[in-house]
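Asker: Can you read through this structure? Questions will come right after.
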Amino acid sequence: RSNISRENSHGALIVRKEGTDWAFVTSGPSALKIAMQAAEIAATSGIQASVISVRRLTGEFTNEEVEQLMKFKKLLVLENYLSGPGLYEKCSRTLASCNSQSKVQRIGVVGVPSNGQAEEVLRAHKLDPASLADLLFKHE
Numbered sequence: 651r652s653n654i655s656r657e658n659s660h661g662a663l664i665v666r667k668e669g670t671d672w673a674f675v676t677s678g679p680s681a682l683k684i685a686m687q688a689a690e691i692a693a694t695s696g697i698q699a700s701v702i703s704v705r706r707l708t709g710e711f712t713n714e715e716v717e718q719l720m721k722f723k724k725l726l727v728l729e730n731y732l733s734g735p736g737l738y739e740k741c742s743r744t745l746a747s748c749n750s751q752s753k754v755q756r757i758g759v760v761g762v763p764s765n766g767q768a769e770e771v772l773r774a775h776k777l778d779p780a781s782l783a784d785l786l787f788k789h790e
């Protein structure tokens, strides 16, 4: 059950979990679930990660949405599909055009996706919650 009424919405962006250290930025239900789980794992070690869901990938971010993204020094964009012009490109291009000091990093499938069950494939590409939380620990 969604508790969207309690979430902080900025047009195309919905803040699903508030945090201060990092922001996971993602689109789609599968990556959102993974980001939420990774943020919970990171919280057990004191890292407070926000989770931001992007509802639409087309068009430009509004000024309010850009301000929301610029609040973070570090953004980790999860793309659990083949790379290409997507969410990472949109976030990094937008923040660079604003001279933002935010560091934007992409994690996603590189090359040909691994074959197997969903959890195996995610783990192979370091897109499972534990691998993502480890990434935050290493960059703290």
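End of the sequence shown sits at 790 in our numbering; the numbers just go up one at a time, nothing left out.
Ideal Cβ placement from N, Cα and C applies to all residues, glycine included.
What's the C-alpha gap between Q718 and A768?
Answerer: C-alpha separation (whole angstroms): 32 Å.
Asker: Relative to the C-alpha of K740, which residue among Q687, W672, S677 and T670 is closest?
Answerer: If we check each option's Cα against that of K740, S677 comes out closest.
Asker: Would you call E770 buried or exposed, if buried means 16 or more other Cβ atoms sit within 10 Å of its Cβ?
Answerer: Result: exposed.
Asker: Give the single residue among K667, N730, L663 and W672 whose Cα lies nearest to the Cα of R706.
Answerer: Taking only the C-alpha atoms, the option nearest R706 is L663.
Asker: My output table needs one value for T676: the three-state DSSP class, helix, strand or coil.
Answerer: Strand.
Asker: How is K721 classed by DSSP in three states: helix, strand or coil?
Answerer: Three-state result, K721: coil.
Asker: Do you know offhand how far V704's Cα is from V675's?
Answerer: Computed Cα separation, rounded: 7 Å.
Asker: Taking the alpha-carbon positions, what's the L785 to S764 distance?
Answerer: C-alpha separation (whole angstroms): 20 Å.
Asker: Kindly indicate the opening and closing residues of the alpha helix (DSSP H) around V771.
Answerer: Note, V771: alpha helix (DSSP H), A768 to A774.
Asker: For a test of the three-state rule: what should DSSP assign to I691, helix, strand or coil?
Answerer: Residue state, collapsed to three classes: helix.
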